[in-house]
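So in this note's numbering the end of the sequence shown lands on 133, straight run, no missing numbers. Even glycine gets a Cβ: it sits at the ideal position worked out from N, Cα and C. Bear in mind the structure is a predicted one, so any value in this text is a computation, not a measurement. Everything on this sheet refers to the single structure shown next.
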Amino acid sequence: MSGNSAIALGRRGERRAAWFYRLRGYSIVERNLRLRAGEIDLIVRRGRTVVIVEVKTRQSRVAGEGFDAVDRRKRERLVRLGDQYAATHPGVQLRYDILSLHWNGWRFEVTHFPDAFRPVADATRPWIWRA
Numbered sequence: 003m004s005g006n007s008a009i010a011l012g013r014r015g016e017r018r019a020a021w022f023y024r025l026r027g028y029s030i031v032e033r034n035l036r037l038r039a040g041e042i043d044l045i046v047r048r049g050r051t052v053v054i055v056e057v058k059t060r061q062s063r064v065a066g067e068g069f070d071a072v073d074r075r076k077r078e079r080l081v082r083l084g085d086q087y088a089a090t091h092p093g094v095q096l097r098y099d100i101l102s103l104h105w106n107g108w109r110f111e112v113t114h115f116p117d118a119f120r121p122v123a124d125a126t127r128p129w130i131w132r133a
């Protein structure tokens, strides 16, 4: 797959992810929000629950499912991003979801991992969050 088609597939996947959440009563707060620690693909909200969504779109399963790409380092980066977001939006309850989309040639197959992981304070350094 060429770089341009991979970018186009990713954009289509992110649009599909936004639709997935809207159908479930969430409002779209942000798309591709850039912060100091990186970028959040999608932020959605329902009530006080704000969901930080990592969207992974694949056209082939050769390299594994999209959710396989969300390793510990990526989860910890998402937690840092969530902290940055929450610092400017007090009173929200954060949740971290992974939405894995596979394009099978005619439609997206969606695998949703609600509350995919939770931050835990490091026992020896409680100011550092692990995921």
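Is the CB-CB distance between G15 and T51 below 8 Å?
To locate residue 15, count along the sequence shown from 1; it is residue 13. To locate residue 51, count along the sequence shown from 1; it is residue 49. Cβ distance not < 8 Å, so G15 and T51 don't count as in contact.
So, does the region 13-30 touch the region 91-105, judging by three or more C-beta pairs under 8 Å?
Yes: at least three Cβ pairs fall under 8 Å.
Got a sec? Which residues, its chain only, sit under 6 Å from V53 by beta carbon, not counting five neighbours each side?
Indexing the sequence shown from 1 puts residue 53 at position 51. Excluding sequence neighbours, V53 sits near V46, R97, D99.
Short of 7 Å in beta carbon distance, which residues of its chain neighbour I9, apart from the five on each side in sequence? Order them along the chain.
Taking the sequence shown and counting its residues from 1, one reaches residue 9 at position 7. There are no such residues.
DSSP on N34, reduced to helix/strand/coil?
Residue numbering aside, residue 34 sits at position 32 when the sequence shown is read from its first letter. Strand, per DSSP.
The ligand ADP and W108: does any heavy atom of the ligand fall closer than 7 Å to the residue's C-beta?
As presented, the structure is devoid of all ligands, the ligand ADP included, so that no description of it is given.
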